[in-house]
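Only one structure is covered here, and it is reproduced in the block below.
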Amino acid sequence: MKKTDWPIRWDLLLRYRLIEIIALWEGRLTTNHICHSFGIGRQQASKDINTYLRELAPDNLVYDRHLKGYVPSSSFRPVVTAGNASEYQDLLARQDALSDTFESLNISLPDSTIVRGPERVVKPEVMRAAVAAARHGRVMKAEYASLSPAGVSQRTLEPHTLVCVGQNWHLRAWCDANREFRDFALSRFRGKPETTRQRSRHTIQHDDDWNRQVSLVMMPDSRLNKAQQDIVATDYGMVSNRLELTIRAALAPYLLSRLGLGSDSQHPDPMVQQLELANEEQLGIAESARERAIKAVAGLC
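One rule links them: number in this note's numbering = place in the sequence shown (from 1) + 88.
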């Protein structure tokens, strides 16, 4: 893509996205939101709002003199966002993280807090090697620690994609020792991995489970009563008590595990389980792959 092919500069796009997210999910946008988030002056922030309205979404915002800010119009339609609540949640998380890192900054949005769990430690030299190998299609040699069986072994990998599951990162790669594509937690690499000049022979095009899409059909736990099932269905935006999610077969076990559906046995309490998979027999996900993904999420492999 040529430099001129993209109509909006990256820094402007971020500011336009902030405009849209704050207006939609908080109901009131002021220049202070942009000034505090990007460290720019009020005149530039006002210009950003006016440019957004003039060039991208003329009918999205109206100025409310009583509230002294812009509010979404009745015809508001997302232009630079998807209009999902997760975008607002991600914004809160990023602002909170920056405020924690730079104590002198006060850019976190009010009336919210983020609960953070411990993150697995990934060393910069490991991430750099993984990025280089995956991006340039090179073979990577590294020491990798596994709990089952416990120990560190030398691995020859042919990576193609970095994957983030929650706060954990893993590398999707062909494993020369196992002769198949597997997932490798970045926190389990030891020492300094070597990205060689040798080109990968097993690429993303050869990873069948990566290229195959599967549909996960979710429904409320059938052990719940109707009123409870209706509540769960509304939580997830189900239609006729069913929610269909399409995902790569290689990633489906991780999603199932995060939804509490990663093991063969149901939780004894349906109030905890809440969801069940309606089409498990149609997924075609190898049990071995599913078990490895479950262990990877739990940190067992």
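C-beta atoms are modelled at their ideal positions from N, C-alpha and C, and glycine is treated no differently.
Beta-ladder partner(s) of residue i, from DSSP
{"i": "V253", "result": "N256"}
{"i": "P247", "result": "A261"}
{"i": "V159", "result": "V150"}
{"i": "E268", "result": "C263"}
{"i": "P308", "result": "L363"}
{"i": "E282", "result": "K229"}
{"i": "R287", "result": "R226"}
For residue i, three-class secondary structure by DSSP
{"i": "T118", "result": "coil"}
{"i": "K90", "result": "Any reading at K90 must be qualified, since the residue scores a pLDDT of 47, below 50, and its modelled position is unreliable; the value itself is stated next. Correct three-state label for K90: coil."}
{"i": "R300", "result": "coil"}
{"i": "I96", "result": "coil"}
{"i": "I128", "result": "coil"}
{"i": "P206", "result": "coil"}
{"i": "L101", "result": "helix"}
{"i": "A321", "result": "helix"}
{"i": "V240", "result": "strand"}
{"i": "V227", "result": "strand"}
{"i": "K135", "result": "helix"}
{"i": "Q183", "result": "helix"}
{"i": "A340", "result": "helix"}
{"i": "L331", "result": "strand"}
{"i": "R216", "result": "helix"}
{"i": "A173", "result": "helix"}
{"i": "Q354", "result": "coil"}
{"i": "M359", "result": "helix"}
{"i": "L235", "result": "strand"}
{"i": "A111", "result": "helix"}
{"i": "A273", "result": "strand"}
{"i": "R346", "result": "helix"}
{"i": "R142", "result": "helix"}
{"i": "K211", "result": "coil"}
Burial state of residue i (16 or more Cβ within 10 Å)
{"i": "V360", "result": "exposed"}
{"i": "T334", "result": "exposed"}
{"i": "G127", "result": "exposed"}
{"i": "A221", "result": "buried"}
{"i": "D271", "result": "buried"}
{"i": "V227", "result": "buried"}
{"i": "R204", "result": "exposed"}
{"i": "Q293", "result": "exposed"}
{"i": "K90", "result": "Any reading at K90 must be qualified, since the residue scores a pLDDT of 47, below 50, and its modelled position is unreliable; the value itself is stated next. Classification for K90: exposed."}
{"i": "R103", "result": "buried"}
{"i": "Q317", "result": "buried"}
{"i": "E364", "result": "buried"}
{"i": "P358", "result": "buried"}
{"i": "T284", "result": "exposed"}
{"i": "R278", "result": "exposed"}
Residue i to residue j span [Cα, whole Å]
{"i": "A321", "j": "P308", "result": "6 Å"}
{"i": "D136", "j": "S241", "result": "54 Å"}
{"i": "R395", "j": "L155", "result": "In the structure displayed, the chain extends from 89 to 389; residue 395 sits before or after that span and is not available."}
{"i": "N172", "j": "L179", "result": "12 Å"}
{"i": "D152", "j": "I96", "result": "28 Å"}
{"i": "L235", "j": "K229", "result": "20 Å"}
{"i": "R216", "j": "R208", "result": "16 Å"}
{"i": "E268", "j": "F164", "result": "48 Å"}
{"i": "G157", "j": "L331", "result": "38 Å"}
{"i": "S134", "j": "T119", "result": "6 Å"}
{"i": "S174", "j": "W113", "result": "10 Å"}
{"i": "R223", "j": "A111", "result": "37 Å"}
{"i": "T249", "j": "H124", "result": "35 Å"}
{"i": "D295", "j": "D264", "result": "14 Å"}
{"i": "P281", "j": "V214", "result": "6 Å"}
{"i": "L101", "j": "Y176", "result": "16 Å"}
Would the segment 333-348 count as touching the segment 295-309 if we require 3 or more Cβ pairs under 8 Å? yes
Spell out a yes or no on whether the segment 106-119 and the segment 138-149 are touching, meaning 3 or more CB-CB pairs, one atom from each, closer than 8 Å. yes
Are at least three pairs of beta-carbons, each pair with one atom in the segment 242-251 and one in the segment 278-293, less than 8 Å apart? The answer is yes - the segment 278-293 touches the segment 242-251, with three or more Cβ pairs under 8 Å.
Is it true that the segment 249-267 meets the segment 315-332, where meeting means three or more beta-carbon pairs spaced less than 8 Å apart? no
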